[in-house]
Structure formats: structure tokens, C-alpha cells
Amino acid sequence: QSLLRGTQNPISLSLSAPTTMNSIYTCAECNTDLNLNSTYAYPPDFYFESGNKDSISFSAVDATKFKFKKEDKIRPFFETLDYWGIQRKRTKIKCNSCNHLVGYIYDDGPPVTHSPGQFHMGPSQVIPRAPRYRFKSKAIRINST
51 QSLLRGTQNP ISLSLSAPTT MNSIYTCAEC NTDLNLNSTY AYPPDFYFES GNKDSISFSA
111 VDATKFKFKK EDKIRPFFET LDYWGIQRKR TKIKCNSCNH LVGYIYDDGP PVTHSPGQFH
171 MGPSQVIPRA PRYRFKSKAI RINST
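Residue numbers for the sequence shown follow this note's numbering, so the first one is 51 and each next one is one higher.
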């Protein structure tokens with residue numbers, strides 16, 4: 051089992067319903083267990099530059115349950131006041147069983163600690179950020195056990 055983490059030390063965060071410690075997250079298309087762990091879930095009101103509306107975000111996922119495809123588009127986009135631009139780089143997350151798009155990876159997670167900065171040249175305006183695994187609420191089902 052391969053666990054992809056957004057940070058070296060997982061962040062312990064409090065959760066609110068419906069994402070409890072006994073939740074099972076499945077693909078809405080094929081009902082496959084995605085093996086997402088609520089321990090790595092961000093609270094629903096946690097602020098992210100690219101937004102968090104109608105989604106559930108995690109700091110780590112089981113890489114064996116997903117396919118990842120990098121996406122690099124050059125065209126204007128506007129998601130929030132803090133997240134807009136001309137070039138969008140993100141990674142698609144697809145269910146490994148049915149190839150259904152379930153979310154995206156964004157690089158707007160918590161700052162990476164103990165980082166030498168961009169290009170290893172010390173602190174810079176660009177703060178290295180941990181990846182955030184953002185799943186669309188409509189693409190996954192949450193079942194409490």
C-alpha cells in the first residue's frame with residue numbers, strides 16, 4: 051500500500067460530521083472503496099486559495115486506489131479572489147477501478163516546513179506548499195459504519 055502525503059508530518063485536525071473516524075469513502079460511479087482515511091481530512095471550513103466549496107480535502111491518500119494525470123492549461127481561469135490566472139497546473143485524480151474523475155491535486159496545502167525556499171536559495175516570495183487532494187462531493191459517497 052502506497053500512501054501519498056502532502057506533508058512529512060501528517061497534520062492532526064479536528065473533523066465535523068459527516069466525516070467521522072468511522073467513515074468509508076467510495077466512488078459514486080462504481081462504489082469501490084477509495085481507502086480514504088478521515089485522519090488526513092481537512093475540516094470543511096479550512097481556507098484554501100483555490101477554494102473548498104462542494105468538496106472534501108485530504109492531506110494524504112492511498113495511491114493504489116487512484117490514477118493521476120497532470121493537467122497544464124494555458125487559458126484564463128477564475129475560481130476564487132485568491133486563485134486565478136492564465137496558466138493552470140493541477141493533477142486529475144481518477145478512480146483506479148472505473149476511471150471516473152473524482153477530484154484534483156492542488157498545491158495550496160499548508161506550507162512545507164524546513165524548506166530552503168524556491169531553487170534552494172533561501173526564503174522567497176514563493177512559499178513551497180504541500181499538495182492537497184480535493185475530492186468533489188458528487189464524485190464520492192460517504193458511508194458511516
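Glycine included, every Cβ here is placed at the ideal spot set by N, Cα and C.
By the C-beta density criterion, Ser-187 is exposed, having fewer than 16 other C-beta atoms within 10 angstroms. For Ala-180, the three-state secondary structure derived from DSSP is coil.
Note that the C-beta distance between Lys-117 and Asn-81 is not below 8 angstroms. With a contact defined as Cβ atoms closer than 8 angstroms, Tyr-183 and Ile-143 qualify at about 7 angstroms. Taken through DSSP and simplified to helix, strand or coil, Ser-187 comes out as helix.
Taking each of Tyr-133, Ser-147 and Asn-87 in turn and checking the Cα distance to Ile-106, the smallest one comes out for Asn-87.
Asp-158: not part of any beta strand (DSSP E); DSSP gives it neither H nor E. Secondary structure at Lys-117: strand, using DSSP grouped into helix, strand and coil. Gly-153 sits away from Ser-109, with the two beta carbons spaced by 8 angstroms or more. The alpha-carbon separation between Asp-112 and Gly-135 amounts to approximately 30 angstroms.
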